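Residues in the sequence shown are numbered from 2 upward in steps of one, following the numbering used here.
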Amino acid sequence: LAVPLHLTLLEAIAEESNALDFRNITDLFARYWLRKQRDADAHAGRAVQWNAVVEASTHYMSDHLGLSVPASYLDAASLLSDADALASENVLVAEAGVYRFFHESFFDYAFARLYLASGKSIGDLLTPADQDLFRRAQVRQLLTQQRDTDYRAYVDSLASLLRGDDVRFHIKQLTLAWLATVQNPGSNELSLLTAILACADPADSLYPLLWRIFGQLPWFELALTEGSIDRWLSSTEPTTVNMATQLLG
Numbered sequence: 002l003a004v005p006l007h008l009t010l011l012e013a014i015a016e017e018s019n020a021l022d023f024r025n026i027t028d029l030f031a032r033y034w035l036r037k038q039r040d041a042d043a044h045a046g047r048a049v050q051w052n053a054v055v056e057a058s059t060h061y062m063s064d065h066l067g068l069s070v071p072a073s074y075l076d077a078a079s080l081l082s083d084a085d086a087l088a089s090e091n092v093l094v095a096e097a098g099v100y101r102f103f104h105e106s107f108f109d110y111a112f113a114r115l116y117l118a119s120g121k122s123i124g125d126l127l128t129p130a131d132q133d134l135f136r137r138a139q140v141r142q143l144l145t146q147q148r149d150t151d152y153r154a155y156v157d158s159l160a161s162l163l164r165g166d167d168v169r170f171h172i173k174q175l176t177l178a179w180l181a182t183v184q185n186p187g188s189n190e191l192s193l194l195t196a197i198l199a200c201a202d203p204a205d206s207l208y209p210l211l212w213r214i215f216g217q218l219p220w221f222e223l224a225l226t227e228g229s230i231d232r233w234l235s236s237t238e239p240t241t242v243n244m245a246t247q248l249l250g
């Protein structure tokens, strides 16, 4: 709740008796989603095609690598009045013949929610020819939501992203930077990273980025508890010992 956007989400549900019953940002976004969905129905006096508008908008934005959808596109899908209902609740913003979400982070959340619900994997989004910088925020949100809702599938996705030969460096770099922010890392994540480190070439640009994760306190404590640091310090590989020593420093 130190983030202004998260306070905005909380404000929308503040009058509910269980307003503070959320565990993470995915929960808070979900609560906001449901509340605004109900409010849009009440405001319009009918069942608004919320999912259809959000899905059409996020698909268009994702396919066109942008953050707005033309009103004409929604009109052609007979969704313009429903889009206006979302705009009345400040979920969408209408201007100059286009609609956009009130905040880019909500677009990321909405896209990830519907994308994962469709049964697709994160890897399906990243074809060799489509790993534009625009995908970075989407990958970050997909990892966040999948970690919160389906941990086993998330670990598989993480392995595919970090080990995939067809995954570009900037996506792997983003994934490692995101991992460094995780405040409650688990044994499965640690096992994956230590296995990748064990096989990594020290000359690889990702090598120091992998080690940097363990400079974050939650990761350091987990590596210490699980015995990883002891194993690194007693390794027969001088580079591993040196990196572990620097980590302690």
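Cβ coordinates follow ideal geometry from the N, Cα and C atoms, glycine included.
All values derive from a computational prediction rather than experimental measurement.
| Check | Outcome |
| --- | --- |
| Leu-6 beta carbon less than 7 Å from that of Ser-106 | yes |
| Straight-line Cα distance separating Pro-203 from Arg-232 | 17 Å |
| Leu-93 - DSSP class collapsed to helix/strand/coil | strand |
| Assigned exposure category for Leu-218 - 16 Cβ within 10 Å defines buried | exposed |
| Residues near Tyr-110 in its chain [Cβ-Cβ closer than 7 Å; skip 5 each side] | Phe-30 and Gln-142 |
| Anticipated Cβ contact below 8 Å, Ala-154 with Gln-147, distance rounded | 6 Å |
| For Arg-24, the first and last residue of its enclosing beta strand (DSSP E) | Here Arg-24 belongs to no beta strand (DSSP E), and DSSP marks it neither H nor E. |
| CA nearest to the CA of Tyr-61, picked from Tyr-74, Phe-215, Trp-51 and Val-49 | Tyr-74 |
| For Pro-203, three-class secondary structure by DSSP | coil |
| Exposure of Pro-209, with buried meaning 16 or more beta-carbon neighbours within 10 Å | exposed |
| Endpoints, alpha helix (DSSP H) assigned at Arg-232 | 229 to 234 |
| Rounded straight-line distance, which links the Cα of Arg-169 to that of His-104 | 27 Å |
| Pair within 7 Å by beta-carbon distance, Glu-90 and Ala-53 | no |
| Start and end residues, alpha helix (DSSP H) containing Asp-112 | For the record, residue 112 in the displayed sequence is Phe; it is not Asp. First-last of the alpha helix (DSSP H) with Phe-112: 105 to 118. |
| Supposed contact pair Leu-248 and Ile-214 - C-beta distance, whole angstroms, cut 8 Å | 10 Å between Cβ atoms; not a contact. |
| Endpoints, alpha helix (DSSP H) assigned at Arg-101 | Looking at the DSSP string, Arg-101 is not in any alpha helix (DSSP H); the run it does join, the beta strand (DSSP E), is 99 to 102. |
| N- and C-terminal bounds of the alpha helix (DSSP H) containing Glu-12 | 5 to 14 |
| Three-state secondary structure (DSSP) of Pro-209 | helix |
| For Glu-190, the nearest candidate out of Asp-157, Lys-173 and Gly-250 (CA to CA) | Asp-157 |
| Distance, Leu-180 Cα to Thr-246 Cα | 22 Å |
| Proximity below 7 Å, CB of Val-70 to CB of Tyr-116 | no |
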